[in-house]
Amino acid sequence: MSLIHAEFQIHGGIHPPENKSQSLQLPLGRPPLPERLILPLGQHIGQASRPLVNVGDKVLKGQAIAINNGFLSSFLHAPTSGEIIAIESHGVPHPSGLDDICIQLQPDFEERWTKLNPLENWLALPTADVVSHLAEMGIVGMGGAGFPTQVKLAGATKHTIHELIINAAECEPYITADDTLIREKTEQLIKGIQVLQTLIKAERTIIGIEDNKSTAIKLLADEVDRTKAEIDIVVMPTKYPSGGEKQLIQLITGKEVPSGQLPADIGVMCQNVGTCVAIYDAIYAGKPLISRITTLTGDAMGQAQNVEVLLGTPISHLLNYASLNSNHLERLVIGGPMMGFTITDSQIPVVKTTNCILAASAKELPVQAQEQACIRCGMCEQACPASLLPQQLLWFSKSQEHEKAEHHNLF
Numbered sequence: 008m009s010l011i012h013a014e015f016q017i018h019g020g021i022h023p024p025e026n027k028s029q030s031l032q033l034p035l036g037r038p039p040l041p042e043r044l045i046l047p048l049g050q051h052i053g054q055a056s057r058p059l060v061n062v063g064d065k066v067l068k069g070q071a072i073a074i075n076n077g078f079l080s081s082f083l084h085a086p087t088s089g090e091i092i093a094i095e096s097h098g099v100p101h102p103s104g105l106d107d108i109c110i111q112l113q114p115d116f117e118e119r120w121t122k123l124n125p126l127e128n129w130l131a132l133p134t135a136d137v138v139s140h141l142a143e144m145g146i147v148g149m150g151g152a153g154f155p156t157q158v159k160l161a162g163a164t165k166h167t168i169h170e171l172i173i174n175a176a177e178c179e180p181y182i183t184a185d186d187t188l189i190r191e192k193t194e195q196l197i198k199g200i201q202v203l204q205t206l207i208k209a210e211r212t213i214i215g216i217e218d219n220k221s222t223a224i225k226l227l228a229d230e231v232d233r234t235k236a237e238i239d240i241v242v243m244p245t246k247y248p249s250g251g252e253k254q255l256i257q258l259i260t261g262k263e264v265p266s267g268q269l270p271a272d273i274g275v276m277c278q279n280v281g282t283c284v285a286i287y288d289a290i291y292a293g294k295p296l297i298s299r300i301t302t303l304t305g306d307a308m309g310q311a312q313n314v315e316v317l318l319g320t321p322i323s324h325l326l327n328y329a330s331l332n333s334n335h336l337e338r339l340v341i342g343g344p345m346m347g348f349t350i351t352d353s354q355i356p357v358v359k360t361t362n363c364i365l366a367a368s369a370k371e372l373p374v375q376a377q378e379q380a381c382i383r384c385g386m387c388e389q390a391c392p393a394s395l396l397p398q399q400l401l402w403f404s405k406s407q408e409h410e411k412a413e414h415h416n417l418f
């Protein structure tokens, strides 16, 4: 193992005001069961899952309640035991604010588990069998758009993977869910990474983490040393958006993913730390993805903290748990202030990709100022992490010169 500092840089980037310490003052919380869990069938990129249950069915914790519906899809499991009370449209976490089909589960508060099937002999199994097991456990990417993990792993078999990069950057200025996960589940994380190493057979494995997570860095380094894992830890300067997949790859390897191509095309695969822990749970405990760590933060959150929360938990339940101060609330945001989106309905649920709930005050997220005319100052070009010319793209777009915009790599 080597602990090294990133030797490459990305173009641009910014340093937004950071407020990570706000949610790190309390230990990891575990909210009580809500009266109802709302489970969208589309918690991932691709086709929505297909229900396996009907209204009135009794289910056990961890039981599959929806199956993947095509190549790019995922399984869904009951986060607790109880009764299916509805399968109908409901608000979901999405910038559009539209409803989607959800399975609604009424807990019986008995927490009765289905029979779990860990893969005790996974090292002796064909790679395809292990990947199939991960698919049945509903594992998706937990740091971004929820790309089904089995699809990404299947893609790796078609390419030679030189670098397996574990994304622990967490560059959003408020979110500390991954930081907390590393602190709480260091051993599980390293074992989950080792599963990926075996499946992918990459030449090198690297954990990329920003230098503002000193506690997590030390815990990772100690665990890697203790287990003699063949994992390098690359510490990167704190800058947004270092955690973006393409930016992370460039920072760690110096490689740029060409336009229109995927990381696997240049021999790289990225996985989020939360996904690695979910892989550990699926392999060693036979536990499907039914919960995640989520940051509850913002000036209007009375008790900002990280919580391990069941999927399907209404956001209103978490706001009550964290003592929301409604008088100070200006905007409720899913995700961070940079990439998140505002919601108006607190009854929408936590899903597999919900990494943060930001209850922002007017001081934190003031009303957006009116658009000002571009004076071609060039500051946007200096900040653009994709090395584009945003001012040119603006003019081309406004004048509907789409061919010129495309020539400048807008699409």
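For the sequence shown, our numbering assigns the number 8 to the initial residue and increments by one for each residue that follows.
Even for Gly, the Cβ is constructed at its ideal location relative to N, Cα and C.
Treat the numbers as computed from the prediction; the structure is a model and nothing was measured.
| Check | Outcome |
| --- | --- |
| Same chain, Cβ closer than 6 Å to Q195, five either side skipped, listed in chain order | V284 and Y287 |
| Delimiting residues of the beta strand (DSSP E) encompassing A73 | A71 to I74 |
| Per DSSP, cross-strand counterpart(s) of N174 | G215 and N279 |
| Span of the beta strand (DSSP E) around A312 | Here the sequence assigns Gln to residue 312, which means Ala is not the residue at that position. Taken as a continuous stretch (DSSP letters only), the beta strand (DSSP E) holding Q312 covers Q312 to L317. |
| Euclidean distance between Cα positions of P155 and V137 | 14 Å |
| Contacting residues, own chain, Cβ-Cβ under 8 Å from F15 (five flanking each side not counted) | Q257, L258, I259, T260 and G261 |
| Whole-Å CB distance - T87 paired with K65, under 8 Å assumed | Going by Cβ atoms, the distance from T87 to K65 rounds to 12 Å, so no, they are not a contact pair. |
| Every unbroken alpha helix (DSSP H) inside the region 126–211 [4 residues or more] | 134–143, 156–163, 184–191 and 193–207 |
| Contact between the region 315–334 and the region 36–48 (3+ Cβ pairs under 8 Å) | yes |
| For Q399, the three-state DSSP class (helix, strand or coil) | helix |
| Reduced DSSP category for D239 - H, G, I as helix; E, B as strand; rest coil | strand |
| Reference S96, options P392, D106 and P102, closest by Cα | D106 |
| Spatial neighbours of L79 in its chain, beta-carbon cut-off 7 Å, leaving aside the 5 residues before and after | I52, G53, Q54, P155 and V158 |
| Coil, strand or helix - R299 by DSSP | strand |
| Burial state of T361, where buried means 16 or more other Cβ atoms lie within 10 Å | buried |
| Cβ distance (whole Å) where A223 is taken to contact I213 below 8 Å | Not quite, the Cβ-Cβ distance comes to about 15 Å (not below 8 Å), so this is no contact. |
| Three CB pairs or more closer than 8 Å across the region 242–254 and the region 187–203 | no |
| Best match in T121, V316, W120 and I290 for proximity to T301 [C-alpha to C-alpha] | V316 |
| Given 8 Å, three or more beta-carbon pairs between the region 20–32 and the region 178–196 | yes |
| N- and C-terminal bounds of the alpha helix (DSSP H) containing T234 | S221 to T234 |
| Start-to-end residues for the beta strand (DSSP E) that takes in S96 | G89 to G98 |
| For G19 and P392, believed in contact at Cβ under 8 Å, the rounded distance | 5 Å |
| Burial state of N334 (16 or more Cβ within 10 Å) | exposed |
| Classification of T193 by the beta-carbon crowding that lies within 10 angstroms, buried from 16 upward | buried |
| Range of the contiguous beta strand (DSSP E) that encloses A366 | C363 to A367 |
| Which of helix, strand or coil DSSP assigns to Q389 | helix |
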